[in-house]
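Residue numbers (my numbering), protein chains in the order written: chain A, 578 to 935; chain B, 578 to 935.
Protein chains: 2
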Amino acid sequence: MSSLTAGNRRPVRLADIAKAAGVSHGTASNVFSRPEIVREEVRDRVRAAAEAMGYAGPDPKGRLLRAGKVNAIGVATAEPLSYFFDDPFARVMMAGISQACDATGAGISLVSAANNEQLAWNIQSALVDGFIVFCIEGGSRLVELARERKLPFVALDLDSEDGSVAAIGVDNIAGAGLAARHLTDLGHRRFAVLALPFADDRTGLVLPEQVRAATYAGTRDRLTGYLRELARVGIDTSKVPVYETANDVASTKAGLETVFASDTPPTAILAMSDRIALVALEWLSARGLRVPDDVSVVGFDGVPEAAVSEPPLTTIAQPIAEMGRLAVRAILESDGPVSRHQLPVELIVRGSSGPPRG
Amino acid sequence: MSSLTAGNRRPVRLADIAKAAGVSHGTASNVFSRPEIVREEVRDRVRAAAEAMGYAGPDPKGRLLRAGKVNAIGVATAEPLSYFFDDPFARVMMAGISQACDATGAGISLVSAANNEQLAWNIQSALVDGFIVFCIEGGSRLVELARERKLPFVALDLDSEDGSVAAIGVDNIAGAGLAARHLTDLGHRRFAVLALPFADDRTGLVLPEQVRAATYAGTRDRLTGYLRELARVGIDTSKVPVYETANDVASTKAGLETVFASDTPPTAILAMSDRIALVALEWLSARGLRVPDDVSVVGFDGVPEAAVSEPPLTTIAQPIAEMGRLAVRAILESDGPVSRHQLPVELIVRGSSGPPRG
DNA sequence: AGCAGATTTTGAATCGATCCAATGAAAACA
DNA sequence: TGTTTTCATTGGATCGATTCAAAATCTGCT
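In structure tokens form, the structure reads like this:
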């Protein structure tokens, strides 16, 4: 007395239609994967059966197990998923990754999670052929998890520490040096650094011992590059305020409040990311300070937004999209030894930097 | 004489470590998936074996087949993958999707392809629990492919035609009407429409029969909304130029060239997307035409960029992120009948529209 | 020691396909 | 007609795990 067509829909399997069409599952499989080798009459019969039974085609879940290859690469971060679409750096990077994936026909899986347990599980169970790991925050943990999967993976924005992991990044020390040198050449002597995180979940002024204990080598390297160059022109770097932000609006503004509360406010700001620098530009303008007349700002990254800000941002450009492309290639052709690439950075001088007043 | 440790690395399976630890694979499996039910001593032994043999943990490929659920939703488009990170509409949509996925712990798989064959294959073999389909270009084909997978899926930006597919969209006719009404209320009588694609791979002035043959109902609906409202105030809509763009810079500029080559150029432009409208703004400014004094422009979508353009863009805002969130929920709780949601749109008046000169 | 009950462990079945060596049938040739 | 080739089909093995009913072991109690 139950329904005619419905029933409790156990999904149709290849074997079901094989039986219905009166052929072996081997033949049924061939109809879908190599139709040319099966006789036309049989092929049609099987296809008809499939049609009749509402068969959706070979289930990729089954195929996967046999084939081994997923044909997708995972991009992992400890940020929420929306990071991929919000953050300018991430977006350019993803554009590069997309390009390389499109070219090779690979798909992209976005892996992320709110909390740490979820993250671990998501990485452990991600169906991918390899990982590209965004080492922004929570980088070390991510790298550890990715490594445990024993799949090819490459770390982005390399925290150069561990030579055993494949990584693609830039020479942060040299890049930061370029930024600092640009400003000292212009005559600046009073600096403030708005830093990326040195370790998880902390913001505020940074003490030297915290720098030494930095989880993120990238951040430390940039600071090293800055300070080394400042020291070269005789600046007492121990007096240079370094404020650790979370690379977001709120903490950056807090940092600006702090460093400009000083009696001798900086005439130049070294921002470790364009995101931070752009927030600074806005904050300074709201505060009535003119850029670059009152304060110069130099960013880091070279995101597209930096070219169209008011004023346009002087920055250290990384070949972001190229890094993405390289990362994909490193995964797909993961042979040989761990590949570590260090790409060049470039100082791009725009309107946000100029000589200090007077 | 070959290497000591290497060998030809057949990856370690759960069964291997089970044998090594002297337990059944059932027990070995339990050690990883429900450690609490296995005796501590055994657990340690198995874990030690795993460690020693370099076992990466249960392979998700195997688990997947048994479990059935992938725990990821696929987002499909016929555009290249970079579309997700470049296009403003897509980005806001993806932000909404991300949010909902983060909340439920689901992952996101980006599915796309350069050519049609690849696309079909990629959709057929995507490891996902459901699809969200971006029906921008190539929409109908995409919907067809997604439907064939017999997985839950929802079409975005609904081409309302087919009531049997779940879809989430806005009332395009009413939205377009709002835009046109706004301009006629301001006194405009000479219009041009810059349209989204009516069918694949075509651009140029559109004839009525092409509209009737439109593949994309969304585009047709918006046009209907525009023209109906224009007709209401006595405008001969057969004289209103409708230029079909590919929603990109080049074709939009070509459309502008065309409609402004007329003896009686429009005083108001109805753009079917903010992307088109923003290009128009730029083109008009470069051409020395002032907005809104010489020409008014009204967009469609309500992307963030529209709020910060010069001048800010008057537009019909869709609740884009909300649509994304709804779509995810529709997939994950895909029970009951096909869910079709029509969300409200809103006219947002900004600086790009004003009364016509004189 | 004997037995009920609780706790662990086992091993076969299952998930849904692909692959391939063997078999069968038909065509080609002597 | 017998033998070789060619082509199509079969069915068992495999991919790597999970699940669960049944068997084995351990506890506690009389």
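A virtual CB, placed ideally from N, CA and C, is assigned to each residue, including glycine.
Note that the coordinates shown come from a computational prediction; the quantities given were computed from them, not determined experimentally.
is_contact[residue i, chain B] using C-beta, thresh 7 Å
i	result
L591/A	no
D679/A	yes
S686/A	yes
F662/A	yes
A605/A	no
Q895/A	no
A857/A	no
L733/A	no
A898/A	no
Q787/A	no
Q919/A	no
L704/A	yes
Of the residues the options, the one placed nearest residue i, counting alpha carbons only
i	options	result
I674/B	L658/B, E694/B and G651/B	G651/B
A790/A	A863/A, P774/A and G684/A	P774/A
M570/A	R724/A, V880/A, R590/A and G684/A	Here chain A comprises residues numbered 578 to 935, so residue 570/A is not present and cannot be evaluated.
L866/A	F877/A, G876/A, L728/A and P888/A	P888/A
F711/B	M900/B, G754/B and S911/B	M900/B
W860/A	V836/A, G684/A and A751/A	V836/A
E725/B	Y632/A, C678/A, S606/A and Q701/A	Y632/A
V589/B	G928/B, A627/B, L924/B and T604/B	A627/B
A683/B	G682/A, A690/A and A677/A	A690/A
L755/B	T829/B, V608/B and G802/B	G802/B
Residue i to residue j span [Cα, whole Å]
i	j	result
R1011/A	G746/A	Outside the modelled stretch of chain A, which goes from 578 to 935, sits residue 1011/A, for which no answer is possible.
L581/B	V720/A	Residue placement at L581/B is poorly supported in this model, since its pLDDT is 34, which falls under 50; the coordinates are not used for a value here.
I594/B	P635/B	11 Å
A769/B	H759/B	15 Å
G781/A	P729/A	36 Å
D621/A	L722/B	21 Å
L658/A	S815/B	47 Å
D936/A	A751/B	No information on residue 936/A is available, as it lies outside the stretch 578 to 935 that chain A covers here.
L800/A	E821/A	11 Å
L847/A	A757/A	7 Å
R875/B	F662/B	Residue identity check: residue 875/B is Val in the sequence provided, not Arg. Cα-Cα distance, rounded: 24 Å.
T654/B	N692/B	12 Å
S648/B	S886/A	Just to set this straight, residue 648/B is Asn in the shown sequence, not Ser. Looking at the two C-alpha atoms, the distance is approximately 40 Å.
A831/A	D825/A	10 Å
L903/B	L733/B	10 Å
L909/B	V742/B	16 Å
S862/A	A898/A	31 Å
S911/B	A827/A	39 Å
L858/B	L771/B	12 Å
Q787/B	R779/B	11 Å
L924/B	I709/B	27 Å
Residue i burial status per 10 Å Cβ neighbour count (16 or more: buried)
i	result
E806/B	buried
E882/A	buried
D851/A	buried
M630/B	exposed
Q695/B	exposed
V926/B	exposed
R546/B	Residue 546/B falls outside the range modelled here, since chain B spans only 578 to 935, and no answer is possible.
E613/A	exposed
L890/B	buried
T844/A	buried
Test: residue i CB closer than 7 Å to a CB of chain A
i	result
M671/B	yes
P657/B	yes
P888/B	no
P637/B	yes
A633/B	yes
A595/B	no
A883/B	no
G707/B	no
R726/B	yes
S610/B	no
L719/B	no
A691/B	yes
V802/B	The amino acid occupying residue 802/B in the given sequence is Gly; Val does not appear at that position. It does not: the Cβ of G802/B has no partner Cβ on chain A nearer than 7 Å.
| query | What are the complete beta strand (DSSP E) segments, minimum 3 residues, inside the region 748 to 802 of chain A? | reply | Fully enclosed beta strand (DSSP E) runs of 3 or longer: 768 to 772.
| request: Would you mind listing the alpha helix (DSSP H) stretches within the region 852 to 896 of chain B that are 4+ residues and don't spill past its ends, in chain order? | output: At a cut-off of 4 residues, not a single continuous stretch assigned as alpha helix (DSSP H) sits fully inside the region 852 to 896 of chain B.
| message | For a minimum of 4 consecutive residues, which ranges assigned as the alpha helix (DSSP H) are wholly contained in the region 603 to 636 of chain A? | response | Counting only unbroken stretches of 4 or more residues, the alpha helix (DSSP H) elements lying wholly within the region 603 to 636 of chain A are 617 to 630, in sequence order.
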